[in-house]
Amino acid sequence: MDKPVNNRAWLLVLPVLVLVAFSAVIPLMTVVNYSVQDTFGRNQFFWNGLGWFEDVLHSDRVHAALGRQLLFSGIILAIEIPLGIFIALNMPKRGFWASLVLVLMALPLLIPWNVVGTIWQVFGRVDIGLLGHTLAALGVDYNYVNDPLDAWATIIVMDVWHWTSLVALLCYAGLQSIPDAYYQAARIDQASRWGVFRFIELPKMRGVLLIAVLLRFMDSFMIYTEPFVVTGGGPGNATTFLSIDLVKMAIGQFDLGPAAAFSLIYFLVILLISWVFYTAMTAERERP
Amino acid sequence: MARITLENLAHSYRPAPKTDDDWALKPMTLTWRDGGAYALLGSSGCGKSTLLNIISGLLHPTQGRVLFEDRDVTALPTAARDIAQVFQFPVVYDTMTVRQNLAFPLKNRCLPAAEIARRVQDVARMIGMEDALDRRARRLTADAKQKISLGRGMVRHEVNAILFDEPLTVIDPQMKWELRTQLKSLHREFGHTMIYVTHDQTEALTFADEVVVMSEGRVVQVGTPRSLFDAPAHTFVGYFIGSPGMNLLDAEVQGATAFVAGTTIPLGTAYAPPKGRVQIGIRPDAARPATEGLPFRLIRVEDVGHHRILRGEVAGAAFNVTVPEDEPIPASFDRVALDPARIGVFVDDWRLAPLERAA
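Here the protein sequences come in this chain order: A and B.
Residue 56 in the numbering used here is what sits at position 40 of the first sequence, and the numbering runs on without skipping anything.
Residue 611 in the numbering used here is what sits at position 69 of the second sequence, and the numbering runs on without skipping anything.
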């Protein structure tokens, strides 16, 4: 069949191109613009090539922030994914309790980031916070303001509290779509509980798990508001993650050139790791 | 393999069943012969899947016992019953190959690896999937997946019975016929007791040696396809089996004569005076266009290939007559004649036995 070729059809995608240009391409280009220029003030810029990129790539400060960030995302995924699956497996399947549990599970997801930060900031305070005070009363030496380990623990527990629901709800949706016949067949085949999980539930959850891992990775890798509210990146630089460091560089020090180069590298790192996750998790599916 | 007996079995999905309607399965006693090919036939929601799930142990009956030979298995879980079941939607383990799928039930039962390999090879030959053994199960067509489900049952030699719960629902029409034929030959060759649930009378009648017809949670008749057709025990069987179903007319019966709307019909044999709602039933192929007999008003003629169906009315009730394709239909007729030997008498929907045979 001959397809008619009419190049004027390109005009039809023009509105979308304009929208995307304004919402993404042009802002990104201003960042690109900053990243290759330097200035001595008075709005006079001169070409700096890839100088800022080299600086950022060799910066110990950025390396340290990246290391903390990778560790944080790694811990978050290692806790939230298995915990979310475990919760989903134990949620009631139908009836009143299923609805109630769904609503309760969704609650943390509805709270804005800075409010979550504030809640935990107060919750963990040794003087007036329920958690901090109770721990102190029990004789636990806990202080997230002074102790890096306590600061990390607080932020991780906070993130787990905030986002495990998302993983659990996604997994729950995946589990609900498995027909009863699969479980019945497994009983007839005398499969163990582990076998049912490994050969029925996990494969059927693969699609939603991919989404959950990607969402939780990207979100945790970009985390800013909650640690900023709870610890402000401290004590010292202990919880200064990439985005906190970036904001310090861009707004605190007003180093727009390095910050722009940092942003682009940050973006590419997220893109790269997401791609790795996606490829790894869909590779199995493509096998004959 | 074993004979399966259901003893005074009944099931309700409600915690405290009171009225008749609360019972999904009304009390029944039934024996399934060892090595028989049975079909469990009935319309949707009549309790056939419930019955099947009770036999396989996926459901625990509210009352009654399930016996395999003389062993009471009512309280035993599914795994301990050695039952295979094939479901409506094909169940395969997606991440496994065909070989791993077939080996799974044996692995779970901790058989030695060599024995597993041997049996998997055997069963693959039976279901004709030797070439596909190392393929991933999830990529296969629905009929191949259904064969794997069956294979996972047959790979266990000690299996007592293979249950099928409408296994051909999602299979393409041309594959249906092929799979059904394959099932029959597997049954002939290996002699497993097979119970096949379906709402499709063609499937039931072609597959089974004996058909169990269910209606509203009750077993209304057990018999060979022929006897269901010739002597339905209940008007439901008469109506459900055959296409079109049996014609039913309200009648009065006195001895060997029936009266329908003022017309006298000879009945071949004599009956005791019936009490209740009396109907006579006649298969469409046992009636023919005539110049005397019951007044018949023709509404339309349908040509379905090997015969034609005359759809019409007798005394206000729908009445169908089939005429073989090589027989001409009279240009005008207003009556139908019935074959006396093939008229059945039903009282309150149940077949009434004639006098001399009842004695």
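Each residue gets a CB set at the ideal place from its N, CA and C atoms; glycine is no exception.
Any beta carbon from chain B within less than 9 Å of S193 (chain A)'s own beta carbon? In the first sequence, the residue the question calls residue 193 (chain A) occupies position 177. For S193 (chain A), no CB of chain B lies under 9 Å from its own CB, so it is not counted at the interface with that chain.
Our contact map puts Q206 (chain A) next to Q627 (chain B) with C-beta atoms below 8 Å; I'd like the distance itself, whole angstroms only. Translated into positions along the first sequence, residue 206 (chain A) becomes position 190. Translated into positions along the second sequence, residue 627 (chain B) becomes position 85. A Cβ-Cβ distance of about 13 Å is found for the pair Q206 (chain A) and Q627 (chain B), leaving them out of contact under the 8 Å criterion.
How big is the Cα-Cα spacing for S51 (chain A) and A277 (chain A)? Within the first sequence, residue 51 (chain A) is the residue found at index 35, counting from 1. Within the first sequence, residue 277 (chain A) is the residue found at index 261, counting from 1. About 5 Å.
Min CB distance G133 (chain A) to chain B below 9 Å: Within the first sequence, residue 133 (chain A) is the residue found at index 117, counting from 1. In terms of beta-carbon proximity, G133 (chain A) stays away from the interface with chain B, with every pair separated by 9 Å or more.
Same chain, Cβ closer than 8 Å to Q85 (chain A), neighbours up to 5 away in sequence not counted: What you label residue 85 (chain A) is simply residue 69 of the first sequence in a count that begins at 1. Contacts found: F237, F257 and L258.
Could you tell me if V843 (chain B) is buried or exposed, where buried requires 16 or more neighbouring beta carbons within 10 angstroms of its beta carbon? As a working note, residue 843 (chain B) is residue 301 in the second sequence. If you draw a 10 Å sphere on the C-beta of V843 (chain B), you find fewer than 16 other C-beta atoms in it, and that means exposed.
Rounded Cβ spacing between V701 (chain B) and H734 (chain B) (contact assumed at less than 8 Å): For the purposes of this step, residue 701 (chain B) is identified with residue 159 of the second sequence, where counting begins at 1. For the purposes of this step, residue 734 (chain B) is identified with residue 192 of the second sequence, where counting begins at 1. Correct: roughly 7 Å between the Cβ atoms.
Amino acids of chain B, ordered along the chain, whose beta-carbon sits closer than 8 Å to that of I171 (chain A): Taking the first residue of the first sequence as 1, we reach residue 171 (chain A) at position 155. Under the 8 Å cutoff, chain B gives no residues; its nearest Cβ is about 36 Å from I171 (chain A).
Could you pull the start and end residues of the alpha helix (DSSP H) that R607 (chain B) belongs to? Position 65 of the second sequence, counted from the first residue, corresponds to residue 607 (chain B). The continuous stretches of alpha helix (DSSP H) do not include R607 (chain B), which lies in the beta strand (DSSP E) extending over residues Q605 to F610.
Could you compute how far the alpha carbon of R825 (chain B) sits from the alpha carbon of R893 (chain B)? Counting from 1 along the second sequence, the entry for residue 825 (chain B) is found at position 283. Counting from 1 along the second sequence, the entry for residue 893 (chain B) is found at position 351. Straight-line Cα distance between these residues: approximately 14 Å.
Nearest candidate by alpha-carbon position, reference E611 (chain B), set B:T744, B:I546, B:S585 and B:L836: Stepping through the second sequence from its first residue, residue 611 (chain B) is reached at position 69. Of the candidates B:T744, B:I546, B:S585 and B:L836, the one whose C-alpha sits nearest the C-alpha of E611 (chain B) is B:I546.
By Cβ distance below 7 Å, which residues in the same chain neighbour T561 (chain B) in space, the five residues on each side in sequence not counted? Here residue 561 (chain B) refers to the residue found at position 19 of the second sequence. Answer for T561 (chain B): no residue qualifies.
Quick check on this structure: which residue in B:R556, B:S554, B:A579 and B:D563 has the alpha carbon closest to the alpha carbon of A967 (chain B)? The first residue shown for chain B is 543 and the last is 901, placing residue 967 (chain B) beyond what the model contains.
Mind checking whether I669 (chain B) and Q716 (chain B) have CB atoms under 9 Å apart? As a working mapping, residue 669 (chain B) is identified with position 127 in the second sequence. As a working mapping, residue 716 (chain B) is identified with position 174 in the second sequence. A distance of 9 Å or more separates the beta carbons of I669 (chain B) and Q716 (chain B).
Along chain A, which residues have their Cβ under 7 Å away from the Cβ of V865 (chain B)? The residue you call residue 865 (chain B) lines up with position 323 of the second sequence. Within chain A, no residue comes near V865 (chain B); the closest Cβ sits about 45 Å away, beyond 7 Å.
Stretch-stretch touch, CB-based, cutoff 8 Å, three pairs: the segment 62-72 of chain A with the segment 239-257 of chain A: Flag = no, the segment 62-72 of chain A and the segment 239-257 of chain A do not touch.
Measure from the C-beta of D513 (chain B) to each C-beta in chain A and report whether the shortest distance is under 9 Å. This structure cannot speak to residue 513 (chain B), because chain B is shown only from 543 to 901.
Look up A775 (chain B) in the DSSP assignment and say whether it is helix, strand or coil. In the second sequence, the residue the question calls residue 775 (chain B) occupies position 233. In this structure, A775 (chain B) counts as coil in the three-state DSSP scheme.
Applying the criterion that 16 or more other CB atoms from any shown protein chain within 10 Å of the CB defines a buried residue, is V292 (chain A) buried or exposed? Stepping through the first sequence from its first residue, residue 292 (chain A) is reached at position 276. V292 (chain A) comes out exposed.
Suppose you measure from the CA of L705 (chain B) to the CA of V889 (chain B); what does that come to, to the nearest Å? Numbered from 1 along the second sequence, position 163 holds the residue referred to as residue 705 (chain B). Numbered from 1 along the second sequence, position 347 holds the residue referred to as residue 889 (chain B). Spanning the two alpha carbons is a distance of roughly 34 Å.
Which residues in the same chain have their Cβ closer than 7 Å to the Cβ of A793 (chain B), if we skip the five residues on either side of it in sequence? On the second sequence, position 251 is the one that residue 793 (chain B) refers to. Sequence-distant partners of A793 (chain B) (beyond 5 residues in either direction) whose C-beta falls short of 7 Å from its own C-beta, in its chain, are A800, F801, V802, V820, Q821 and I822.
Which term fits W113 (chain A), buried or exposed, when burial requires 16 or more other beta carbons within 10 angstroms of its beta carbon? Along the first sequence, one-based indexing puts residue 113 (chain A) at 97. Classification for W113 (chain A): exposed.
Cutting at 8 Å between CB atoms, please list the residues of its own chain near I239 (chain A), excluding the five before and the five after it. In the first sequence, residue 239 (chain A) corresponds to position 223, counting from 1. Taken in chain order, the residues that qualify are F88, D175, F257 and S259.
Segments assigned alpha helix (DSSP H), at least 4 residues, entirely inside the segment 262-292 of chain A: Qualifying alpha helix (DSSP H) stretches: none in this window.
Between the C-alpha atoms of E731 (chain B) and D845 (chain B), what's the straight-line distance to the nearest angstrom? By one-based count along the second sequence, residue 731 (chain B) stands at place 189. By one-based count along the second sequence, residue 845 (chain B) stands at place 303. Distance between the alpha carbons of E731 (chain B) and D845 (chain B) is about 39 Å.
Can you tell me the Cα-Cα spacing of T616 (chain B) and R607 (chain B), whole angstroms? Here residue 616 (chain B) corresponds to residue number 74 of the second sequence, with the count starting at 1. Here residue 607 (chain B) corresponds to residue number 65 of the second sequence, with the count starting at 1. C-alpha separation (whole angstroms): 5 Å.
Going by alpha carbons, who is nearest to W68 (chain A) out of A:L284, A:I101 and A:L272? Taking the first sequence and counting its residues from 1, one reaches residue 68 (chain A) at position 52. When A:L284, A:I101 and A:L272 are compared, the shortest CA-CA separation from W68 (chain A) is found for A:L272.
Sort B:Q743, B:D751, B:A773 and B:L618 by Cα distance to F782 (chain B) and report the nearest one. Indexing the second sequence from 1 puts residue 782 (chain B) at position 240. For the residues B:Q743, B:D751, B:A773 and B:L618, the minimum Cα distance to F782 (chain B) belongs to B:Q743.
What does D485 (chain B) pair with, by DSSP beta-bridge criteria? With chain B covering only 543 through 901, there is no way to say anything about residue 485 (chain B).
Over the uninterrupted beta strand (DSSP E) stretch that includes E549 (chain B), give me the two end residues. In the second sequence, residue 549 (chain B) corresponds to position 7, counting from 1. Here the beta strand (DSSP E) through E549 (chain B) covers I546 to S554.
Three-way DSSP call (helix, strand, coil) for E903 (chain B) in this model: The structure shown does not extend to residue 903 (chain B), since chain B spans only 543 to 901, so no value can be given for it.
Interface residues of the segment 645-678 of chain B facing chain A [CB-CB below 8 Å]: Within the segment 645-678 of chain B, the residues whose Cβ lies closer than 8 Å to some Cβ of chain A are F646, P647, N650, R651, R677 and R678, listed in chain order.
Can you find at least 3 beta carbon pairs, one from the segment 130-146 of chain A and one from the segment 225-237 of chain A, that sit closer than 8 Å? The segment 130-146 of chain A makes no contact with the segment 225-237 of chain A; the number of CB pairs closer than 8 Å stays below 3.
Does any C-beta atom of chain B lie closer than 9 Å to the C-beta of L35 (chain A)? In the first sequence, counting from the first residue as 1, residue 35 (chain A) sits at position 19. With 9 Å as the cut-off, L35 (chain A) does not count as an interface residue toward chain B.
Can you pull the chain B neighbours of Q206 (chain A), defined as C-beta to C-beta under 7 Å? Here the question's residue 206 (chain A) lines up with position 190 in the first sequence. Chain B residues near Q206 (chain A): A621, P647, N650 and R651.
Which chain B residues sit within Cβ distance under 7 Å of G211 (chain A)? By one-based count along the first sequence, residue 211 (chain A) stands at place 195. Taking the beta carbon of G211 (chain A) as reference, the chain B residues within 7 Å of it are N650, listed in sequence order.
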